[in-house]
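First residue of the sequence shown? That's 1 in UniProt numbering, and the numbers climb one at a time after it. I have placed the structure first, in the form of structure tokens, so that the comments after it can refer back to it.
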Amino acid sequence: MSSSFERYQKRRLISSYFSVVLSIALVLFLLGILGLLVLNAKKVADLFKEQVTVTIYLKDNAKDVEVKQLEKSLALADYVKSTVYVSKEQAAEAMKAENGEDFMAFLGFNPLQNNIDVNLKADFMTSEKLEELAASASEKSFVDEVRYDKDLVTLMNSRVKKISFWVLLLSAIFTLIAVLLINSSIRLSVYAKRFTIKTMQMVGATKRFIRRPFVWKSIRLGVLGAIIALIGLGFIVYYVDKTFPELSLRQNPILIGSLFGIVFLLGIIISWLSTHFATQRFLNLKTDQLY
1 MSSSFERYQK RRLISSYFSV VLSIALVLFL LGILGLLVLN AKKVADLFKE
51 QVTVTIYLKD NAKDVEVKQL EKSLALADYV KSTVYVSKEQ AAEAMKAENG
101 EDFMAFLGFN PLQNNIDVNL KADFMTSEKL EELAASASEK SFVDEVRYDK
151 DLVTLMNSRV KKISFWVLLL SAIFTLIAVL LINSSIRLSV YAKRFTIKTM
201 QMVGATKRFI RRPFVWKSIR LGVLGAIIAL IGLGFIVYYV DKTFPELSLR
251 QNPILIGSLF GIVFLLGIII SWLSTHFATQ RFLNLKTDQL Y
């Protein structure tokens with residue numbers, strides 16, 4: 001009978017430890033993903049900004065020397081990321097491939113214009129800078145028109161600020177929730193041993209002596225949960241880096257290493273503090289308050 005009860009208690013204890021480790025791992029995993037999002041929020045926003053194209057349409061009588069000079073001056077500008085010259089023939093081929101129809105067969109001529117596609121660096125993607133670029137290019141006698149999506153640029157810049165604010169706010173909220181969830185799991189684990197804690201205290205054990213094994217056990221569980229979370233996080237980093245190479249996550253090992261280190265330390269610190277305060281609570285209770 002005693003042996004059966006001991007086996008039951010052992011299974012219950014293992015189940016309790018498993019739930020604590022799983023809770024810590026899941027919470028730290030979500031925190032790690034949120035950390036990745038926060039650390040790369042600007043990079044993602046910059047990526048979208050740099051996709052906005054300013055198209056400089058050239059007149060048919062534009063000389064090659066003038067076009068190349070303009071293209072070279074734009075390429076050397078500190079606010080320009082890239083420039084691409086697109087001939088009217090290339091534009092026609094691209095449109096044909098996109099629509100699946102040869103529109104020139106109906107028209108009998110190519111109505112498109114030679115153009116230069118310009119992509120600005122993210123830090124310079126503002127309405128003022130775009131207007132300045134458009135005005136400067138339009139002064140050229142061989143430039144017919146400069147086009148870009150003004151509404152998209154304005155909307156993007158305003159949305160980026162709002163999204164950044166909400167990401168930071170959600171990060172703070174999720175961090176608080178993470179701490180509360182881990183704390184709750186550990187408190188339940190310690191609660192199951194409240195009578196053991198009180199018995200040790202009644203036979204003369206000091207509070208520090210009673211707390212020590214609980215704290216160390218909790219720290220080990222926190223380390224195990226953090227390791228599981230980091231393995232999952234490593235797979236996420238690998239997948240995102242393969243799917244979106246523009247973010248170049250693995251090109252910044254110091255940043256990723258720092259994030260992993262923070263997640264690992266959080267697993268230890270939260271487990272330690274939660275266990276300390278949970279055991280302290282039961283140590284301060286009177287015997288009749290344990291029921």
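C-beta atoms are modelled at their ideal positions from N, C-alpha and C, and glycine is treated no differently.
For the UniProt domain "ABC3 transporter permease C-terminal" (169-275), the continuous alpha helix (DSSP H) assignments of 4+ residues that do not extend past its boundaries occur at 194-202 and 207-243, in sequence order.
DSSP places LYS121 outside any beta strand (DSSP E), giving it a letter other than H or E.
Across the set LEU265, PHE277 and ARG250, the C-alpha of ARG250 shows the shortest separation from the C-alpha of ASN40. Inter-residue distance for ILE177 and LEU168 is about 14 Å (C-alpha atoms, whole angstroms). The three-state reading of DSSP puts ASN115 in strand, counting E and B together. Just measuring C-alpha positions, the residue of VAL237, SER218 and LEU233 sitting nearest SER19 is SER218.
Judged by DSSP in its simplified three-state form, VAL143 adopts strand. By the 16-neighbour rule on beta-carbons within 10 angstroms, LYS49 is buried. In terms of Cβ geometry, GLU246 and LEU58 do not form a close pair [threshold 8 Å]. The beta carbon of ILE227 lies closer than 6 Å to none in the same chain, with the five residues before and after it left out. For LYS72, the enclosing alpha helix (DSSP H) stretches over residues 64-76. Per the C-alpha coordinates, the member of SER136, PHE142 and TYR85 positioned closest to ASP60 is PHE142. A direct Cα-Cα distance of roughly 12 Å separates ILE24 from ILE269.
In the structure shown, the three-state DSSP call for LYS81 is strand. Of the candidates GLU132, GLU139, LYS162 and LYS140, the residue whose Cα lies closest to the Cα of TYR148 is GLU132. For GLN90, the uninterrupted alpha helix (DSSP H) segment begins and ends at 88-99.
With contacts defined as CB atoms closer than 8 Å, LEU230 and PHE264 qualify as a contacting pair.
Taking the CA atoms as reference points, GLN90 sits about 15 Å from GLU101. Rounded to whole angstroms, the Cβ separation of TYR85 and GLU98 is 19 Å, and the two are not in contact under 8 Å. Within the same chain, ASP117, VAL118, ASN119, LEU120, LEU130, LEU133, ALA134, VAL146, ARG147 and TYR148 come within 8 Å of VAL54 by CB-CB distance, once the 5 residues on both sides are set aside. Membership of VAL54 in the beta strand (DSSP E) is indicated by the continuous run 53-58. Only residues of its own chain outside the window of five on either side were considered, and among them ASN119, LEU120, MET125, TYR148, ASP149, LEU152, VAL153 and MET156 have a CB closer than 8 Å to the CB of VAL52, listed in chain order. In this structure, LEU224 and VAL27 do not form a Cβ contact; the two beta carbons are roughly 13 Å apart against a cut-off of 8 Å. By the Cβ neighbour-count rule, PHE165 is exposed, with fewer than 16 other Cβ atoms within 10 Å of its own. Judged by beta-carbon spacing, ILE56 lies beyond the 8 Å limit of ASN110, meaning their Cβ atoms are not closer than that value. Sorting ASP144, ILE210 and LEU36 by C-alpha distance to the C-alpha of ALA62 places ASP144 at the top. Only residues of its own chain outside the window of five on either side were considered, and among them LEU58, TYR85, ASN114, ILE116 and PHE142 have a CB closer than 8 Å to the CB of VAL67, listed in chain order. Between the alpha carbons of ILE33 and PRO253 lies a distance of about 16 Å.
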